[in-house]
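The opening residue of the sequence shown carries number 101 in the working numbering; numbering runs sequentially from there. Structure first, then comments.
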Amino acid sequence: MAGASVKVAVRVRPFNSREIGKESKCIIQMTGNTTTISHPKQAKDVKSFNFDYSYWSHTSPEDVNYASQMQVYKDIGEEMLLHAFEGYNVCIFAYGQTGAGKSYTMMGKQDVKDQQGIIPLLCEDLFRKISDNTDNSMSYSVEVSYMEIYCERVRDLLNPKNKGNLRVREHPLMGPYVEDLSKLAVTSYNDIQDLMDSGNKARTVAATNMNETSSRSHAVFNIIFTQKRHDAETDNTSEKVSKISLVDLAGSERADSTGAKGTRLKEGANINKSLTTLGKVISALAEMDSGPNKNKKKKKAESFIPYRDSVLTWLLRENLGGNSRTAMVAALSPADINYDETLSTLRYADRAKQIRCNAVINEDPNNRLVRELKDEVSRLKDLLYAQGLGDIIETYRASDVDLETLKLTNAMTGMSPSPSLSALSSRAGSIASLHDRIMFSPGSEEAIERLKETEKIIAELNETWEEKLRKTEAIRMEREALLAEMGVAMREDGGTVGVFSPKKTPHLVNLNEDPLMSECLLYYIKDGMTRVGRLDASKHQDIGLSGHFIQDEHCTFTSSTGPTGETAVVLEPCEGAETYVNGKRVTEPTVLRSGNRIILGKSHVFRFNHPAQARAERERTPCAETPSEPVDWAFAQRELLEKQGIDMKQEMEQRLQELEDQYRREREEANNLLEQQRLDYESKLEALQKQVDRCHPEASEEDEEAEEEAVQWTERERELAEWSFRKWKGYQFTSLRDLLWGNAIFLKEANAISVELKKKVQFQFVLLTDTLYSPLPPDFLPPEATQDREKMHFPRTIVAVEVQDQKNGATHYWTLEKLRQRLDLMREMYDRAADVPNTATEECENAMTGGDPFYDRFPWFRLVGRAFVYLSNLLYPVPLVHRVAIVSEKGEVKGFLRVAVQAISADEEAPDYGSGVRQSGTAKISFEDQQYERFQSESCSAGLSRTGISQEELRIVEGEGQNAEVGPSADEVNNNTAGTDELENPLKACLDGASEATLEHLRIGNVFTFRVTVLQASSISAEYADIFCQFNFIHRHDEAFSTEPLKNTGRGPPLGFYHVQNIAVEVTKSFVDYIKTQPVVFEVFGHYQKQPFLPLCKDVMSPLRPCRRQFPQVMPLSKPVPATKLKAMARPQAGPCHCKYDLMVFFEICELEATGEYIPAVVDHRGGMPCHGTFLLHQGLQRRVAVTIVHESGGDVEWRDVRELVVGRLRNTPEADETIMDPNILSLNILSAGYVKPLLDDRQFLDSDMPRTFYRFEAAWDSSMHNSLLLNRVTPYGEKIYMTLSAYLEMENCTQPAVLTKDICMVFYSRDTKLSATRSIRNLFGTGSLRAADGNRVTGVYEVSLCYLADAGSPGMQRRRRRVLDTSVAYVRGEENLAGWRPRSDSLILDHQWELEKLSLLQDVEKTKHYLLLREKLESTLLMGQESLQCGTSEDLCESPKPCEVDQEASCSSEITTERQRELAAKCLRLLTHSFNREYSHVCVSASESKISEMSVTMLKDSPSTYALNTITPSSTCPSLVDGSYITADLRLPRPRPRADTQQEAAEAKAPVNGASDAKPATRRFVPDIQEIRVSPIVSKKGYLHFLEPNTNGWVKRFVTVRRPYVYIYNSERDTVERAILNLSSAQVEYSEDQQAMLKTPNTFAVCTEHRGILLQAANEKEMHDWLYAFNPLLAGTIRSKLSRRRAGQMKM
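Here's what the structure looks like:
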């Protein structure tokens, strides 16, 4: 034993950046081994310390006294490494404040030369000395472990799996150790370096104010260095094991200096705790070693060393005053600002210098440990013998050793246990009787446990490698024997356990009824005898089975080898055992063949396999008994039954025949019973019919006559029936949808090939309709279509492919057949592109294919658009100058064209237009009646362009909108107002009245000459460079007159063509008819300059409707959220509509306040759109969702209950992906539901006489149940959360619940945020007239429809249910490159209908402009005194319904000023062009909105007197507008009723009444449907109106906003919540001067709904007409026209 003191060295570092920044001064001086520290404030206060080494590293390496890393290692590291080779335990640890350089001294910078620390240098030197060893008898091994102590927890830095806390244990001999700490063997310095790098990266470091990379844990790097010396003479091996502990301590620190907070402060506290404990241990050790003169008793009391107070000191116990050679390096900071910390470190090191360690050479530690353990065993034995328990030792030892030995011997020999086992068992059983003695012996249990633990360690230490191998082999053999007994074999190589068919050994495999369980067990038949029997038999059975029919010894298999070497297996059943081979029971030995089926007992079925025999038989013909079908359990059972004489097939057939006979008898009995009941019912019906005929003979005759009269149609009804027949016969949109869906896959493939070949060509579906503005090319019409044009009454629409050539800036149209042909060529090019290099692909395309299939030749000039000029002014030869719109095929206005048309004499010259006039002379054209009649018959197919048929049929897709009420659409109301009733029909009557007799210049046979002058073109885009115009008659495309092209810049004055063309025509009947009805077609062409297209990934999927201004963004309408509690019900087909109601629904989200009440959350209405708002919610509060439904009272809509309220589809975008299954759907708990009374602010004047219905329900909503991050956090700035809410409502007389769906917008704030109303909301409620809580809700407008159940068997329903193959979802090669592009489908049809409607409206506008211009010209001619012209018909163009009233109306028109006519024309044009400023939502408005115009026109037609034409009276269908004293005898109040099917109600009205009072009313079953109405972004008008309050004489003032087709009523302008709505599509607007005079209320008009009549009053007459125009433009225009004409008549009189 050697005693030595701890070597202590101190080292001072240079200034760091922090100290330099504070201009610190050095307070450390070193002279030799003496270190001096000076007080920064007291210069005389100097303290000196002596150490083993004092290293001056404060200056640069150029300093002579500078101590480098290598010098520190040579002084300390080399000495410690030498001690390690001598066999001593070695420890080096560094101590100091944080940032003093401890880690630099210990680890250094490994990637910088000459700056490596003690640890890497020591490891490198260790392996250098090992490699320098030349003694062959010496061998070395090195193991490494690396751990850190962080916050008093030990963590393994070399094993990433051991992330948790490792336990520190203590062995009485081995001392403290870390359990499960990984020890890794290394063979070179590089291995250690890699492990150190990985360990250092895993260390816990952090930045403090004093050190940017402060070590926050203690690191202990252990090296177990083992030296073995083999003595050849004695064949004995001795070992030396040295443990090298290299410790990098965490720095001591002060919280105020490091600025530690939170986690850093907690870490610092633990670091200081462990270092404080280390200081206490050092102090205690120093005092113990430095006090030899004290008395022993006091020394013993004070010699307690607190190792266990810290994990660090516990693990370093041996290195501090124990078996170790220890060195300590104290790192110092030279700065004066760290004086206290530096002085503490010096004192710390000075105390450590006094510690003495008793190191010993660790010679052969295993032998020493075995010796010490044996001493421990003998001591424990003596202890047990002293307590009288010595026999326990012998009993345990004998039983354990004998049992283990016997089991191992039996397993190796395969023999059964001997009888001596029972003796040993009884001997071992005597142990139990000793437990009582153990319990009464104090400390005996602990002694026995310690004894067993020590003996186990001794056995493991003494066990050699060969013994371990033998033990492992014995266990393996025992396991294989056990598996063999179970019928499970292992591979011959000892691999995976399983059933493996051997190559030579005969065996049995099991067959089971379950195919998956068959052939899962394998039983070997060993050489000799293999016994089969029960597991509990008295004699051991090789194959153990169980079951009722298995004997103890059931049978035996004998395997023997014959003289030829073949192995034969004989089955010999035991007496009384049921054994079957191939279905036959055997009682004698039977030779088995491969493939035989063996049944043992009743349930054990096996197949015998003999591999060698099977190979031999395979070479010969198959055995007769070998079945050709698979040998399975069913085959074996069937074979068994057949051999026993049981025919299962015959029994089954017999049983089946019996069942069939029984079924036949029962069916005959049922048929007889039904026939008897039918005869009874028929006889009863005949008797009842006879009674009815006797009681009501006249009623039956009247019914028959009524039926006969009911089928008598009027002329109008017959025309409508024929028109409907023609419409549906020519209907084609369903077939178009089939073509779109069926050819979508070809379009996808073409686009995919185009993208992969980088052709810059995009393909998309397009619909082309044969109209005036977009005539179909002849090659787009199939041959049969040309023949059927005469039979078509509506324009033909075809599906084509729009080809956008982005490379050349061109657009082409292909037929579907052409697309398929080109697609074949594209595929060939795609396959060829893989073989041809990219550089040569484009060069050889034309040579190999004769052209690129992606491109077409495009003409130099492209069509800009078409314009139409009517020739009606030639009837009364007056010149007209037209300014017509140039309209493209898409309905877009591309520019304007000025054209002059006038009748001239044959020799008249052209006017002087300047130098630019171009005259082409006189062209002679012949109009043949036959050719024109053929054109007229063909033009019937284009009802859009050739006739005046309305476009209603083009707006409804087949299968959609079938239940909508009959009537023109809302768009026709706004746009076709003047074309159908006031212009077109009078015009036809007028032009028909202008016969050939009155038109002298157009006599049949005369030559009539007129001039067409193309003047100017304007507003044409600069993308068309060269512009020219050509025109022709509509039925003569081959004869066109063309102008010269002009340069177009898009700026400057209009393009002046000034092209004069004289045309001479021989007047025929067809020519006169042409100029009455048909226009001249002008086509404008231009050279199109290349413009970039949109990329393919951004396909033009947006609607093609023009947008004149930016409208507020609207949320899309979502589909209902699926119910979670209700069963999925198939929606029945809806039939005719019974009624419709408008619903106004209030949505509120209430939050729990501190008072315990649920208060509605604040809603932000700053969007400016009705039915919109954002809920401002708090995190962590309980919420409720409240829904209030408001509608007109009626017997059809009755709410019974709320079946379920579900919320889901949480997202942060307005759009929701409804194709993905939403896992966050939550069904809310309904708290209350029922009818309620309206609040004070919700109660309106409408509720005075006929109150509206308010139905309210509430549900609890726990947003945390969604488990969504969007709801469980505060919403980031600028983001909004969207959620879809669906309520499933049960209604009376409905087959299934109605679904009410609303998208909710929310923003979440923190729980404590004070959410007051926003600035705009505070302004709204600043007056105090409205409370903020009244605006904390969002309104939704809905329409509920109750429809009858449809007839499931009608052909129409069957046609709608027809399914079409949608190929757009089929995958094609390269589809992933399309970036989300999809072919157009149903939306294309809707967009195309909108385009057709635009073209029709544009045509009507041009026609009306022409008629108004002509009328103005004629009137001005009359005023100038040109009496020779027949101008009487000018007034008839828009006023006279009959030719006989021409004179009377002409006299009135002569007194009307030209300015008035201009005003009327402007008004008419504004009416007709009204819809061109609409947003797309107006297209989707219900077609029933057109009832406004329908009612008004009907009212005009039905007015009885001439005075009524000027004064419009309320219709009798409107409820009374006034009550009390204002009711007159002429006005009566009919019963309000909802919108209903008139035919259905008429049928109910005609039902017989007699005898109906006793019968119960039949319960109707309806199909409900609730649709949310999209709010229009366009405000027609808003302002204040006065409403007459029922039952009073007072007026109430309300703020009204008209967003067609709804009128929204608010309490005031600042009110944000809609209080009531009026649906203009189902209402009638009426104006009556009589009623105004009677009520003495000027500027009033009425709005009559199905439920009530409302009288409204405007501020003045102008306001009234503006409101009328907003409510019903047609009615307003009609009223103004009538009033102006009446005033003109009065002025004339």
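From the three backbone atoms N, C-alpha and C, an ideal C-beta is built for every residue, glycine too. Just so we're clear, the structure is a prediction, and the values are computed from it rather than from any experiment.
List the whole-angstrom C-beta distance separating residue i from residue j, where the pair is believed to meet the contact cut-off of C-beta under 8 Å.
{"i": "Glu1713", "j": "Asn1436", "result": "That pair is no contact at about 19 Å."}
{"i": "Ser245", "j": "Asn322", "result": "5 Å"}
{"i": "Arg579", "j": "Leu480", "result": "Actually they are not in contact, since the Cβ atoms of Arg579 and Leu480 sit about 36 Å apart, beyond 8 Å."}
{"i": "Asn1772", "j": "Val1729", "result": "4 Å"}
{"i": "Tyr1794", "j": "Glu1304", "result": "This structure does not reach residue 1794, given that the chain is present from 101 up to 1793, and the question cannot be answered."}
Under a three-way DSSP split, which group does residue i fall into?
{"i": "Pro673", "result": "strand"}
{"i": "Ala1359", "result": "strand"}
{"i": "Gln1735", "result": "helix"}
{"i": "Gly1043", "result": "Reliability of the predicted coordinates at Gly1043 is poor, the pLDDT of 41 falling under 50, and no value is obtained from them."}
{"i": "Asp232", "result": "helix"}
{"i": "Tyr624", "result": "strand"}
{"i": "Ile1592", "result": "Here the model assigns Ile1592 a pLDDT of 32, short of 50, so the residue's position is not dependable, and the following value carries that caveat. In the structure shown, Ile1592 sits in a helix (DSSP, three-state: H, G or I)."}
{"i": "Asn290", "result": "helix"}
{"i": "Met207", "result": "coil"}
{"i": "Asp1242", "result": "strand"}
{"i": "Arg1136", "result": "coil"}
{"i": "Thr939", "result": "For Thr939, the predicted model reports a pLDDT of 48, less than 50, meaning its position is unreliable and no value from the coordinates is stated."}
{"i": "Arg113", "result": "coil"}
{"i": "Pro406", "result": "coil"}
{"i": "His1855", "result": "No answer is possible for residue 1855: it lies beyond the span of the chain, which begins at 101 and ends at 1793."}
{"i": "Pro1652", "result": "Unreliable positioning characterises Pro1652 in this predicted model, as indicated by a pLDDT of 40, which lies under 50. The coordinate reading is nonetheless provided below. Coil, per DSSP."}
{"i": "His1101", "result": "helix"}
{"i": "Asn372", "result": "helix"}
{"i": "Asp225", "result": "helix"}
{"i": "Asn709", "result": "strand"}
Determine, using beta carbons only, whether residue i and residue j come nearer to each other than 9 Å.
{"i": "Gly995", "j": "Ala852", "result": "no"}
{"i": "Cys191", "j": "Thr426", "result": "yes"}
{"i": "Ser241", "j": "Phe325", "result": "yes"}
{"i": "Gln1799", "j": "Val705", "result": "The structure shown does not extend to residue 1799, since the chain spans only 101 to 1793, so no value can be given for it."}
{"i": "Leu611", "j": "Arg697", "result": "yes"}
{"i": "Ala1261", "j": "Leu1415", "result": "yes"}
{"i": "Val1306", "j": "Leu1243", "result": "no"}
{"i": "Ala435", "j": "Tyr195", "result": "no"}
{"i": "Met428", "j": "Ala143", "result": "no"}
{"i": "Arg693", "j": "Glu619", "result": "no"}
{"i": "Val964", "j": "Tyr1124", "result": "yes"}
Worksheet entry | Minimum length 4: unbroken alpha helix (DSSP H) runs contained in the segment 156-205 | 169-172, 178-186
Discussion item. Please give the ranges of any alpha helix (DSSP H) in the segment 434-490, keeping only runs that are unbroken, at least 4 residues long and fully inside the region.
Written reply: 439-452, 465-486
Discussion item. Count Cβ pairs between the segment 1291-1300 and the segment 1350-1364 that sit closer than 8 Å; are there 3 or more?
Written reply: yes
Fill in: Three CB pairs or more closer than 8 Å across the segment 1436-1450 and the segment 1666-1686
yes
Worksheet entry | Touch test, the segment 1500-1513 against the segment 971-982, Cβ-Cβ under 8 Å, three pairs minimum | yes
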